[in-house]
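Asks: If you're matching positions, the sequence shown starts at 1 in the UniProt record's numbering and goes up one per residue. Quick one: this structure, given as structure tokens, is what I'll be asking you about.
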Amino acid sequence: PVGVCVCVCSGRSYINTQWVAAGGGPQTLSCVQLYHHPGANAFRLVGRKMQPDQQVVLNCPLGRGLRYSQATPQFHQWREARRVWGLSFGAPREAALFATAVLQALRALEEGDECHAGPTVRGGGA
Numbered sequence: 001p002v003g004v005c006v007c008v009c010s011g012r013s014y015i016n017t018q019w020v021a022a023g024g025g026p027q028t029l030s031c032v033q034l035y036h037h038p039g040a041n042a043f044r045l046v047g048r049k050m051q052p053d054q055q056v057v058l059n060c061p062l063g064r065g066l067r068y069s070q071a072t073p074q075f076h077q078w079r080e081a082r083r084v085w086g087l088s089f090g091a092p093r094e095a096a097l098f099a100t101a102v103l104q105a106l107r108a109l110e111e112g113d114e115c116h117a118g119p120t121v122r123g124g125g126a
């Protein structure tokens, strides 16, 4: 089964030593989803602004060795290639659920085992 984690949060990217709203423009809430492709045992985080155009503001594959950091109970970050991503969550519980799903995905990648892909996790609004 495909594991999907849906969470409402605010995405940022670390550029030139400062955090900026992902996608440019004013900071708005985004829906971030963790997708799993079972055939390839591959995972990807995709975030879209919660606006009519649903602009993609985050499209990041999860790779082996990626370090996911829970900087605070409501702000988490990770590095992909030369870019640092961060998510601000509306509540610690949403952040914890999201972190659990991401860490399960990373564990599945390290172990090469699809059974750790994790359950479907859905967070509420922020």
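Positions of the beta carbon are idealized from the N, C-alpha and C atoms, including for glycine.
1) Buried or exposed for Ser30, going by 16 or more other Cβ atoms inside 10 Å?
2) If the criterion is Cβ atoms closer than 7 Å, does the pair Leu45 and Leu58 meet it?
3) Take Trp78 as the anchor and find which of Gly90, Gln51, His37, Leu106 has the nearest alpha-carbon.
4) Out of Lys49, Gln33, Arg48, Gly63, which has the shortest C-alpha to C-alpha gap to Ala40?
5) Might you give, ordered along the chain, the residues of its own chain that have their beta carbon closer than 6 Å to the beta carbon of Leu109, omitting 5 neighbours on each side?
6) Return the residue from the list Ala42, Thr100, Ser88 that minimises the CA-CA distance to Ala22.
Replies: In terms of the structure at hand:
1) By the neighbour-count rule (16 or more Cβ atoms within 10 Å), Ser30 is buried.
2) Yes.
3) Among Gly90, Gln51, His37, Leu106, the Cα nearest to that of Trp78 belongs to Leu106.
4) From the listed residues Lys49, Gln33, Arg48, Gly63, the smallest Cα separation to Ala40 is found for Gly63.
5) Once the five neighbours on either side are set aside, the close Cβ partners of Leu109 are Arg64.
6) Nearest in C-alpha terms to Ala22, of all of Ala42, Thr100, Ser88, is Ser88.
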